[in-house]
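In my numbering, the protein residues as written are 1303 to 1438. To start, the structure itself, in structure tokens.
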Ligand code: UDP
Ligand code: MG
């Protein structure tokens, strides 16, 4: 039985700035995730605040929104078998120090905030996040 899903991936400013976009895209493609839409954009702090509003009560919320809007990001729709969980697995743990070897965050993350990538955490949130960046 197939379970084709879509999920949202963001390459965060720290990684775009270090020209890691192509290397990170290769990790997804090698794992059979298709990039069905993508764009490089620079969002405002207000847009970052809307995107991350689930975290609004957390102590790191303000810094997180400042950071995501600090430079260009590369957003992608990834599609494939179990795409939501697979993307999370390929990213690794939130804190690069805790991430498994060869995950995006282990390879490229600088710190818990500059952790190079975002990925939707459920099919439901993936739909909301894809719509946020790619509404037609
Ligand atoms: N974050 C942070 N400090 C923390 C926890 C999270 O700066 O103590 C940032 C980090 O960049 C993370 C984002 O907030 O990627 C969203 O947090 P979440 O718990 O959703 O982690 P993720 O789903 O990105 O692994
Ligand atoms: Mg999250």
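Quick reminder that beta carbons are idealized off the backbone N, C-alpha and C, glycines included. Just so it is clear, the structure is predicted and the values come from calculations on it, not from any experiment.
Below 7 Å, is the gap between the Cβ of residue i and the nearest heavy atom of ligand 1?
{"i": "residue 1423", "result": "yes"}
{"i": "residue 1396", "result": "yes"}
{"i": "residue 1409", "result": "no"}
{"i": "residue 1392", "result": "no"}
{"i": "residue 1362", "result": "yes"}
{"i": "residue 1339", "result": "no"}
Output the boundary residues of the alpha helix (DSSP H) element that contains residue i.
{"i": "residue 1391", "result": "1385-1393"}
{"i": "residue 1317", "result": "1315-1319"}
{"i": "residue 1332", "result": "1323-1332"}
{"i": "residue 1359", "result": "No alpha helix (DSSP H) holds residue 1359; DSSP gives it neither H nor E."}
{"i": "residue 1427", "result": "1425-1436"}
With C-beta atoms as the reference, is residue i less than 8 Å away from residue j?
{"i": "residue 1410", "j": "residue 1350", "result": "no"}
{"i": "residue 1310", "j": "residue 1377", "result": "yes"}
Alpha carbon to alpha carbon, how far is residue j from residue i? Give it in angstroms, no decimals.
{"i": "residue 1403", "j": "residue 1303", "result": "30 Å"}
{"i": "residue 1470", "j": "residue 1323", "result": "Residue 1470 falls outside the range modelled here, since the chain spans only 1303 to 1438, and no answer is possible."}
{"i": "residue 1414", "j": "residue 1366", "result": "10 Å"}
{"i": "residue 1357", "j": "residue 1364", "result": "9 Å"}
{"i": "residue 1382", "j": "residue 1428", "result": "13 Å"}
{"i": "residue 1418", "j": "residue 1406", "result": "7 Å"}
{"i": "residue 1359", "j": "residue 1352", "result": "13 Å"}
Under DSSP, the beta strand (DSSP E) around residue i begins and ends at which residues?
{"i": "residue 1399", "result": "Premise fails: residue 1399 is in no beta strand (DSSP E) and is neither H nor E."}
{"i": "residue 1336", "result": "1336-1343"}
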